[in-house]
Each structure stands twice: as C-alpha cells, then as structure tokens.
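> These protein sequences, in sequence, are chains A and X. Numbering follows the numbering used here, with no gaps: position 276 of the first sequence is 276. Numbering follows the numbering used here, with no gaps: position 330 of the second sequence is 1330. Backbone N, C-alpha and C define an ideal beta-carbon position, used for all residues, glycine too. If you scroll down you'll find the structure; I have some questions about it.
2 protein chains.
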Amino acid sequence: MPELRKDPIVGRWVIISTERGNRPGNWREKHEPVDDGFCPFCPGNEDKTPAEVFAIRKHDLGPNMPDWDIRVVPNKFPALQIEGEDYRRGEGLYDLMNGVGAHEVVIETPDHGLEFSDYPEEQIVQILLAYRERMLDLKKDKRFKYILVFKNHGRAAGASLEHPHSQLIATPILPKRVVEEIEGSRLHFARKERCIFCDILHQESSSGKRTIAQNDHFVAIAPFAPRFPYECWILPSTHFSHFECMESTHYDELAAIMKTVLRKINKALTRPPYNFILHSMPVQDDIAPEYHWHLEIIPKLTRIAGFEWGSGFYINPVSPEDAARQLREADG
Amino acid sequence: MPELRKDPIVGRWVIISTERGNRPGNWREKHEPVDDGFCPFCPGNEDKTPAEVFAIRKHDLGPNMPDWDIRVVPNKFPALQIEGEDYRRGEGLYDLMNGVGAHEVVIETPDHGLEFSDYPEEQIVQILLAYRERMLDLKKDKRFKYILVFKNHGRAAGASLEHPHSQLIATPILPKRVVEEIEGSRLHFARKERCIFCDILHQESSSGKRTIAQNDHFVAIAPFAPRFPYECWILPSTHFSHFECMESTHYDELAAIMKTVLRKINKALTRPPYNFILHSMPVQDDIAPEYHWHLEIIPKLTRIAGFEWGSGFYINPVSPEDAARQLREADG
C-alpha cells in the first residue's frame, strides 16, 4: 500500500510509492529511451493495459475492442491505490495516511506519432470531455479531495511512454500548490471582494503586453512572474471555479485555444517537450467566487537545478513580455 | 538590470534576468556539454574570471595569483546585480523590485577533476569557512535579506562548468521555501515552545530508522516525507539557527559528516549528480529559538515532471527508511 506522508515543517504531503520500483534501475533517470517497438497504448494491444474505465469509440464494438478514438485505463503502475480506507494516523510528530486514490491514463488518440496540437479540434474537445467525465465520476467517491489532470509530453518532461497520453490522479489530500493558490485567492477576495484571476485578466487585457491569444471565452497569457521561460496560462475570460462545471460550448473554445497556443509553442521553440497541468477548485468544494480554474503550460527548456526546488527560488532568463510577443507573432 | 517579480497569487518572488541570455540557444538545455578543453576556474586562468573577493592561498603571492587553495569570485553572468537601489514599486496588481544582490562562485579546489567528497577534510573545513566569511561580509549590506549557499554537481543537477564549485546568491527578498520553513517552525514553537527540528532530531535518534550517520555535533537523516529518493538532511544536534554563527570547532565536525554522507551517496548510487542547499535563518535576523539551520543534499536520480513543480505534489519511489538503511550500510 502506498503511503501519504506530511512534512511536519512546511505541511507538504508526498506519496511514498515503493511499488513503482524498489531498485534504482527501475526508476532512475535514463538518457536513452528503451524502444523495443512495442506500444501497449496502440490499437490491438488493449489487453496489455488494465480494463478501460471510459472510451469513445467509432463502431460500438464494446469495451476493450480496438475501434476507440479515446481510451481511459487505470495506470498499470499506479502511484495510489483505489482499494482501502483513507486511514489517517500519527507517528510521534509525524502525520501519515494510506495512499488511497486513483491513477488513470487518458490515451488521447490511436495514432502513436501525433502530438496534442496535431489533433483536429474535435478530437481535443473529446479529450477535454473525457477529463470532465472522469472527474465527475471520481468525485462521487468522497475520499477523493482533488483530481490532478496533467500531461507530460516528451521524455525530458517526464513521459515514460511515447504514445500520446495524459493522466489523472485522484488524491485524498490537497496538493500544496493548490492550497497555496486557494489561500492566496481567499486573501485577495477578503480584501477586495473580487477574484484575483479576474483582476489579472482585466489588467492583462488592458495592457496587452503579456497576451498570447484569445477567443470568445478564453485568454492565454504569459504570467507576470513566471518561474519558467515561455510559461503560459490559459484562463476562461468569465469566472468559473471548477473546470468540470463549464457549459458544453466552452470546451470547444478551450480546445481551439489549446491547439493555437501549443502550435505557437511548437513553432517558436521547435517542438519542445512540455507539461500542462489543470488547476481547478477541489472537486468536493462548492462553486467559489474567489478561485478561477486555469491551465498551466510549461515548455521544458531549461535544466532546473535542485537548488531551485530546494529554495523555491527561480531564475528565469526570458521576460514574459518577450515570450508573449514571440508567441503572439508565431503561427498558431 | 534584472528584476524581481512577485506572483500575486502565491507570493513567490522570481528573478527575471534577461542578461543571462536573450536567445534560446544561450540558455536552453543541451544534452551534450560543450568541452573545448578550456576551464576558466583552473589555476593560471585567474584573469578569465572577475577579480576575486576572497581566497585562501599557499604562499601569499597576492590577489588573483595562481597559488590559491580556494578562490571566491563574482559570477561572470550574475543573476542579480550588486549596484543599485532595492527600489520597490507596483504595477497595478503586481509587485516588483530592482534585481539587486550578489552572485558569487566558490572555486573549491585548484584540481579540476575532484568531487567534493574526494577532498581532504581540512579542505572541506576551509570551504565551509569561506561560505561563512562571505556570509558575514555580505550581511553587512542591509539590502540583502538572505544568502543562498548551494552546489550543483554534474550537468543533470544544473552545473554548467565541470570544475568543482559552489555558489552564493544574496537576495533582497526571502525565498519562498525559507519563508515556509520559518512560518512552519514558528507555528510549532507557538504551540509547543520547542524547536520543531530539535523535536525531529529527538524522535529520529530514538527510532534510528532514518538515521544515516552522526558524530559529536551533527546528525544526518533521511527526512520522514522526502520529495526525492535518497534525500538527506544534515543538522547540528544542538540548536543553532544561523549557519554562520557556530563555534569554529563545529565546522570540523560538519566537514567530516559531509564527507561521510557524500561518500556513502557516491558508493550506494554510483557517483550521481547532486545538489546541496544550505537552509539557514535570514542573515539580518536575530538568533531564533524556533529555527534550526540544516543542509539538504538531493541526489539527482529521477526526471522531475513539470506536473510535480506545477502541483507541488511529489511521488517518491524509495521510502526514506530503505534509503537510510542503504546509506547507513554503504562505506562512508
């Protein structure tokens, strides 16, 4: 059983998941990918993954048949385990709990060689709706407080399999960064009675300096104090706290702007590895006036020195105004 | 002039330092090191670095002569700039300030091919005393609130030059991680009237499960909730809030335990890249009963996915009990 442990000084929870590999060889960073030509995510290999929990398919051949467009399966090496109590306990000073949760893989396309922005917009809409579907299903389980949706594209960004996929991790605790964002937003709301993200959107659209793209319902900006070069945030231009609670038409617009921004990134930065991460209000919480969901896209261009995550102090060699200008001007 | 900018949501300061390279080619991660055989840190090349600010030398030949054992020079491409006002200002919602600070390089040895734990203990003592010397000198400048001391060893850990060196960055703000640790420690002190690190040391030495090494004045442990496999902390076994305020004899013991722990890491993990980072009370603050300085050592073994720094949520495949046992048993 994986374990969740809390750092007693700064309150950060981490997952200790030894099932994911006990010997250094299994999890240590390798510079060369092992490519034996076999892909468990390609059509025809449905029996090489755990049984699917959701799929969109062409001909309704039935579960785990090869006619799918999108397929969601449990991760074969999950960081958290679905069965078990969310039993919390102390050990002297320390706090820990059972590592219950869910860890799923969204196989985004049957086509092994594509990248997210290569998909037709309709495919991206379906992927976003698959995220929503899984979030709505997983949130019924009241043990799960947060559902992390993210994508690692490219080995340097942490992807271990090449076939295009994203991931969902449902956790019984709130990740530290989420807690910080919500606390920061509440502080602003308490002072101003306004959402800080709405305020940011207002200031950014007035100045235009850090705007990358926009459409009817979404804006893409380079944030004012980015940790990483060419970091981009996509936010709905009207207030929504929960990703999974938007109207259906919004997902069309979101797909369009994601495709545009990723195409611009690919153009300006020659198809870099990247991560995207959905930041949304915790799934069990009510609609909140103070928090605004958003998607963070982080091209992986620099080697992050341990001192940066040891100190929380980041040095960014590219100003967001420069990054936004370059991305604005790149074809999208 | 570099700029310090604050994220308005979570309050994290970042350095925007475009002087360090405007074009992607200059700062983008490269997989192959450029090795033209020339090393600006080797003896004889003293004129290839800015003039030294501190040195320990064999024959007293005078500044910037090649008879040094340890040499401290300003970074040729500093993240922060020494001249200028620490002028703070707002821009609508946002907060920013001039990027004033200092960025120095501690060249640890004239010998290009050594690693930290290869040095004789006396050399390590001298390096630690050089850190202290520079901290005591830089803290006289009241603009500087914090002095980050860290080492990136190996390219995968962020080192751009091979010749063994560590770095000091003096900053006009407190790094986020430092603020979090101090706030967490104060909370514990307010409740218990005890230092949380002293409590941790007490619990760890009773259980012994996560102890790696110890000597008269220091203990090395694997922390209870480590983000990274084989993360180690070295702490003084009696309470000290400031690294630079220890008694001289303590630096001998610290050198000994650093050498032991790094040798164990090299043995157990086949000389991995690593970072170490000094966490100490802010230099302008008084001796504090609630905070305990310590050194964090992080072997760079895994590829950290962007989602981990996007969410603050870490999955660690090795339990600290396993890591501590392996390191305890490895030759030191």
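Which first and last residues belong to the beta strand (DSSP E) in which Y274 (chain A) is found?
Residue 274 (chain A) sits at position 274 when you count from the first residue of the first sequence. Y274 (chain A) -> beta strand (DSSP E) spans 274–279.
> Using C-beta distances below 8 Å, list every residue in its chain close to P24 (chain A), excluding the 5 sequence neighbours before and after it, in chain order.
Start at 1 with the first residue of the first sequence, and residue 24 (chain A) comes out as number 24. At P24 (chain A), the pLDDT of 49 sits below 50, so the modelled position is not reliable; the number obtained from the coordinates is stated separately. Around P24 (chain A): no qualifying Cβ.
> Taking its Cβ as the centre, do 16 or more other Cβ atoms sit within 10 Å of D1007 (chain X), making it buried, or is it exposed?
Counting from 1 along the second sequence, the entry for residue 1007 (chain X) is found at position 7. Classification of D1007 (chain X): buried, given that the 10 Å Cβ count is 16 or more.
> Going by the CB atoms, is the gap between V1072 (chain X) and V1106 (chain X) shorter than 8 Å?
By 1-based counting over the second sequence, the position of residue 1106 (chain X) is 106. By 1-based counting over the second sequence, the position of residue 1072 (chain X) is 72. Against a cut-off of 8 Å, the Cβ pair of V1072 (chain X) and V1106 (chain X) comes out as a contact.
> Pick helix, strand or coil for C1232 (chain X), following the three-state DSSP scheme.
Locating residue 1232 (chain X) in the second sequence gives position 232, counting from the first residue. Reduced to three states, the DSSP call for C1232 (chain X) is strand.
> Compute the Euclidean distance between the alpha carbons of S1205 (chain X) and T1270 (chain X), then round it to the nearest angstrom.
Taking the second sequence and counting its residues from 1, one reaches residue 1205 (chain X) at position 205. Taking the second sequence and counting its residues from 1, one reaches residue 1270 (chain X) at position 270. Each residue's Cα considered, the two are about 28 Å apart.
> Measure the C-alpha to C-alpha separation of G1312 (chain X) and R12 (chain A) and round it to an integer number of angstroms.
Position 312 of the second sequence, counting from 1, holds the residue named residue 1312 (chain X). Position 12 of the first sequence, counting from 1, holds the residue named residue 12 (chain A). Roughly 8 Å between the two C-alpha positions.
> Do we get a CB-CB distance below 8 Å when we pair W309 (chain A) with the residues of chain X?
Start at 1 with the first residue of the first sequence, and residue 309 (chain A) comes out as number 309. Yes, because at least one Cβ of chain X sits closer than 8 Å to the Cβ of W309 (chain A).
> Going by the beta-carbon positions, is the gap between I127 (chain A) and E108 (chain A) smaller than 8 Å?
Against the first sequence, residue 127 (chain A) aligns to sequence position 127. Against the first sequence, residue 108 (chain A) aligns to sequence position 108. Result yes, Cβ atoms of I127 (chain A) and E108 (chain A) sit closer than 8 Å.
> May I ask you to list the residues that DSSP assigns as paired with L1168 (chain X)?
Translated into the one-based positions of the second sequence, residue 1168 (chain X) becomes position 168. Paired residues: X:E1104, X:V1149.
> For N1098 (chain X), which of helix, strand or coil comes out of DSSP?
Looking up residue 1098 (chain X) in the second sequence gives position 98. In this structure, N1098 (chain X) counts as strand in the three-state DSSP scheme.
> Per DSSP, P1299 (chain X) is paired with what?
Here residue 1299 (chain X) corresponds to residue number 299 of the second sequence, with the count starting at 1. Per DSSP, X:Y1274.
> Going by beta carbon distance, what residues of the same chain come within less than 8 Å of P1289 (chain X), once the five residues before and after it are set aside?
As a position in the second sequence, residue 1289 (chain X) is number 289, starting the count at 1. Only F1189, C1195, H1239, S1241 meet the Cβ criterion.
> List the residues that DSSP assigns as beta-bridge partners of N1316 (chain X).
Position 316 of the second sequence, counting from 1, holds the residue named residue 1316 (chain X). N1316 (chain X) is bridged to A:I16.
> Looking only at C-alpha atoms, which of X:L1168, X:M1258, X:W1233 sits nearest to R1210 (chain X)?
For the purposes of this step, residue 1210 (chain X) is identified with residue 210 of the second sequence, where counting begins at 1. Here the closest residue by C-alpha is X:W1233.
> Can you tell me where the alpha helix (DSSP H) with K1006 (chain X) in it begins and where it stops?
Here residue 1006 (chain X) refers to the residue found at position 6 when the second sequence is read from its first residue. Careful: K1006 (chain X) lies outside any alpha helix (DSSP H), inside the beta strand (DSSP E) at 1003–1006.
> Can you check which of these residues, A:H59, A:K176, A:V261, is closest to H279 (chain A) by C-alpha distance?
The sequence position of residue 279 (chain A) within the first sequence is 279, counting from 1. Of the listed residues, the one whose Cα sits closest to H279 (chain A) is A:K176.
> Which same chain residues, not among the five before or five after R143 (chain A), have their C-beta less than 7 Å away from its C-beta?
Stepping through the first sequence from its first residue, residue 143 (chain A) is reached at position 143. Hits under 7 Å: D86, V100, P172.
> For the 8 Å Cβ check, are there 3 or more pairs between the segment 160–169 of chain A and the segment 91–100 of chain A?
Cβ pair count under 8 Å is below three, so no.
> Please confirm if P1317 (chain X) has its CB atom under 8 Å from at least one CB of chain A.
Within the second sequence, the letter at position 317 stands for residue 1317 (chain X). Yes, P1317 (chain X) lies at the interface with chain A (some Cβ there is under 8 Å from its Cβ).
> I want to verify the contact list: residues of chain X whose CB lies under 8 Å from the CB of G184 (chain A), in sequence order.
Counted from its first residue, the first sequence places residue 184 (chain A) at position 184. What G184 (chain A) touches in chain X: P1008, I1009, V1010, G1011.
> Using CA atoms only, rank isn't needed, just tell me which of A:S207, A:E193, A:P229, A:M246 is closest to F218 (chain A).
For this step, residue 218 (chain A) is matched to residue 218 along the first sequence. The shortest Cα separation from F218 (chain A) among A:S207, A:E193, A:P229, A:M246 belongs to A:M246.
> Any beta carbon of chain X sitting closer than 8 Å to that of A333 (chain A)?
Past the boundaries of the shown model lies residue 333 (chain A); chain A is included only from 1 to 332, so the question cannot be answered.
> Given that V1106 (chain X) touches chain A, what residues does it touch there, using C-beta distances under 8 Å?
In the second sequence, residue 1106 (chain X) corresponds to position 106, counting from 1. Correct list: empty, because the minimum Cβ distance to chain A is about 14 Å.
> Between the alpha carbons of F150 (chain A) and V1125 (chain X), how many angstroms are there, rounded?
Here residue 150 (chain A) refers to the residue found at position 150 of the first sequence. Here residue 1125 (chain X) refers to the residue found at position 125 of the second sequence. Straight-line Cα distance between these residues: approximately 45 Å.
> Could you tell me the boundaries of the beta strand (DSSP E) in which Q214 (chain A) lies?
Against the first sequence, residue 214 (chain A) aligns to sequence position 214. Q214 (chain A) -> beta strand (DSSP E) spans 211–214.
> List the residues of chain A that P1175 (chain X) touches, going by C-beta distances under 7 Å, in chain order.
Within the second sequence, residue 1175 (chain X) is the residue found at index 175, counting from 1. Per Cβ cutoff of 7 Å: S311, G312, F313.
> Closer than 8 Å, CB to CB, is N275 (chain A) near chain X or not?
Within the first sequence, numbered from 1, the residue matching residue 275 (chain A) stands at position 275. Yes, N275 (chain A) counts as interfacial toward chain X.
> Return the CA-CA distance between I56 (chain A) and E180 (chain A), expressed in angstroms with no decimal places.
By one-based count along the first sequence, residue 56 (chain A) stands at place 56. By one-based count along the first sequence, residue 180 (chain A) stands at place 180. Distance between the alpha carbons of I56 (chain A) and E180 (chain A): 36 Å.
> What would DSSP say about E91 (chain A), mapped onto helix, strand or coil?
Locating residue 91 (chain A) in the first sequence gives position 91, where the first residue counts as 1. DSSP places E91 (chain A) in strand when its eight states are reduced to three.
> Let me check understanding here. Comparing Cα to Cα, which of A:V178, A:F228, A:A256 lies closest to V1010 (chain X)?
As a working mapping, residue 1010 (chain X) is identified with position 10 in the second sequence. Answer by Cα proximity: A:V178.
> Assuming the contact rule is C-beta atoms closer than 8 Å, P346 (chain A) and D69 (chain A) should be a hit. Round their C-beta distance to whole Å, please.
In this structure chain A extends from 1 to 332, so residue 346 (chain A) is not present and cannot be described.
> Could you tell me the distance, in whole angstroms, from the CA atom of I315 (chain A) to the CA atom of K300 (chain A)?
As a position in the first sequence, residue 315 (chain A) is number 315, starting the count at 1. As a position in the first sequence, residue 300 (chain A) is number 300, starting the count at 1. Going from the Cα of I315 (chain A) to the Cα of K300 (chain A) covers about 14 Å.
> Which residues, in order along the segment 126–152 of chain A, keep a beta-carbon less than 7 Å from a beta-carbon of chain X?
Listed in sequence order: L148, F150, N152.
> Report all residues from its chain with a CB closer than 6 Å to the CB of I287 (chain A); omit the five preceding and five following residues, and keep chain order.
Within the first sequence, numbered from 1, the residue matching residue 287 (chain A) stands at position 287. Cβ neighbours of I287 (chain A) beyond the five flanking positions: S241.
> Below 7 Å on C-beta distance, what does I1196 (chain X) contact in chain A?
To locate residue 1196 (chain X), count along the second sequence from 1; it is residue 196. Correct list: P8, I9.
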